[in-house]
Amino acid sequence: MDDKKYIGIDIGGMSIKGGVVDGGGRILYKSAITIEPCKPDSEILSDIAGLVKSLLEATGLDKEDVAGIGVGCPGSVYDEKGVVRYSCNINFRNTPMAEMLSKLSGIPNVKISNDANCAALGETLFGAGNGAQNSVMITLGTGVGTGIVVNGKLLTGNCSAGAEGGHITINMGGRMCGCGKKGHFEAYASATGLIAQTSEACAKHPDSLLAKIAAQDGINGKTVFIAAKQGDKVAKAVIKRYLNYVGTGLVIFANIFFPEVIIVGGGISNEGDTIIKPLSKYVAKNIYGAEYNPPIKVVAATLRNDAGVVGAAALCFDD
Numbered sequence: 000m001d002d003k004k005y006i007g008i009d010i011g012g013m014s015i016k017g018g019v020v021d022g023g024g025r026i027l028y029k030s031a032i033t034i035e036p037c038k039p040d041s042e043i044l045s046d047i048a049g050l051v052k053s054l055l056e057a058t059g060l061d062k063e064d065v066a067g068i069g070v071g072c073p074g075s076v077y078d079e080k081g082v083v084r085y086s087c088n089i090n091f092r093n094t095p096m097a098e099m100l101s102k103l104s105g106i107p108n109v110k111i112s113n114d115a116n117c118a119a120l121g122e123t124l125f126g127a128g129n130g131a132q133n134s135v136m137i138t139l140g141t142g143v144g145t146g147i148v149v150n151g152k153l154l155t156g157n158c159s160a161g162a163e164g165g166h167i168t169i170n171m172g173g174r175m176c177g178c179g180k181k182g183h184f185e186a187y188a189s190a191t192g193l194i195a196q197t198s199e200a201c202a203k204h205p206d207s208l209l210a211k212i213a214a215q216d217g218i219n220g221k222t223v224f225i226a227a228k229q230g231d232k233v234a235k236a237v238i239k240r241y242l243n244y245v246g247t248g249l250v251i252f253a254n255i256f257f258p259e260v261i262i263v264g265g266g267i268s269n270e271g272d273t274i275i276k277p278l279s280k281y282v283a284k285n286i287y288g289a290e291y292n293p294p295i296k297v298v299a300a301t302l303r304n305d306a307g308v309v310g311a312a313a314l315c316f317d318d
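In numbering that gives the first Met the number 0, the protein residues as written are 0 to 318.
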């Protein structure tokens, strides 16, 4: 473990989180600012530089004490060139983020990557992955984010455009995905997909407890789990089918990369063993060569909202 200090920045749709991180992945101090996503990219980066300055001041560090700044950003990110090609919800369009932030902060070493990749790196090295060399992280949120670590390094593909695992096809011609294509993993395994499946079950079974809870409180990603815990058979059936969809995607990743661990994050992972145990069984039963190869662990993410900050900082750990 080195004694260097790093800064990790995690850019979200509503806020930007930042932290001073040591070489062991511990956050020594963290803070956050709100984001105005429609502002010019230069102004957003100026705000990030201001966050970096405040982190330094709060911890008594000088710029020279920081070995690097790592940034996780949503969207299409060209890691090697330090450019954010496109972020659909934030005003980044071919933004040379690494170069601009380096100039604004006065810290020369700036590395960037997709935010899901950073979360995967953080969880793999210092969270649920327990230091694994090979992992796949699946984030079940509004969409499905994926991050892949191979031999201790992020696998991002040509021009850093790969690892978009939410858009593998698990049902040819099936549900419409938010990207405009049909049958994608994200259309079935995301919280959005689960909400759609819950809504359909309520319409089909209007007398069920699930439908009654939905009518009273509305439908979100927790609704079906609340009903299932109260014994509702319709809700249990929705969860079983949903987990089969998620498991199908996990098996595809397992067969391609055969990681030591698959990490499940996002709000749905808060259901813990309710989803992790069935997914573990599904993967163990369906992966190729299961009886001959070592088992693959399926675990829930543990770093929660800190994963992106830690993982972003870790982009600079080998420098």
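Glycine included, every Cβ here is placed at the ideal spot set by N, Cα and C.
DSSP lists no beta-bridge partner residue for G177. Less than 8 Å separates the beta-carbon of I295 from that of A253. Put simply, the backbone Cα of N108 is about 36 Å away from that of F184. Burial check for N93: the Cβ neighbour count within 10 Å stays below 16, so the residue is exposed. Contact check between the region 68-75 and the region 34-46: fewer than three CB pairs, one atom from each, fall below 8 Å, which does not count as touching. With 16 or more other Cβ atoms inside 10 Å of its own Cβ, T191 counts as buried. Rounded to whole angstroms, the Cβ separation of G264 and A118 is 7 Å, and the two are in contact under 8 Å. Going by DSSP, F91 is part of the beta strand (DSSP E) stretching over F91 to T94.
Along the region 85-145, the alpha helix (DSSP H) occurs as fully enclosed runs of 4 or more residues at 96-104 and 114-125, listed in sequence order. Sequence-distant partners of I194 (beyond 5 residues in either direction) whose C-beta falls short of 7 Å from its own C-beta, in its chain, are I218, N219 and G220.
Here the alpha carbon of D231 sits roughly 16 Å from the alpha carbon of Q215. Counting every other CB atom within 10 Å of its CB across the protein chains shown gives I255 a total below 16, marking it as exposed.
G17 sits close to I8, with the two beta carbons spaced by under 8 Å. Boundaries of the beta strand (DSSP E) around S75: S75 to Y77.
Residue pairing by DSSP places V237 opposite no residue, since no beta bridge is assigned to it. In its chain, beyond the 5 residues on either side, P36, C37, K38, P39, D40 and I43 have a beta carbon closer than 8 Å to the beta carbon of N90. K284 carries a helical assignment under DSSP once its states are collapsed to helix, strand and coil.
The region 120-127 makes contact with the region 290-306, as at least three CB pairs between them are under 8 Å.
Restricting attention to beta strand (DSSP E) runs no shorter than 3 residues, the region 205-265 encloses them at 260-264, ordered along the chain.
Burial is judged here by how many other beta carbons sit within 10 angstroms of a residue's own beta carbon; A186 has at least 16 and is buried. With fewer than three CB-CB distances shorter than 8 Å, the region 276-294 does not count as touching the region 143-154. The three-state secondary structure of G7, taken from DSSP, is strand. Check the Cα spacing between M171 and each of V51, K181 and G164: the tightest is with K181. Pairing L60 with K102 gives a Cβ-Cβ distance that is not under 8 Å. For G156, same chain residues with a beta-carbon under 8 Å away, outside a window of 5 residues either side, are A162 in chain order.
In the three-state reduction of the DSSP assignment, D46 falls in the helix class. In the three-state scheme derived from DSSP, where H, G and I count as helix and E and B as strand, D64 is classed as helix. For Y291, no beta strand (DSSP E) encloses it, and the DSSP letter there is neither H nor E.
Annotation: the continuous beta strand (DSSP E) that includes S30 extends over I26 to T33.
Sixteen is the threshold: since fewer than 16 other Cβ atoms of the shown chains lie within 10 Å of the Cβ of S30, the residue is exposed.
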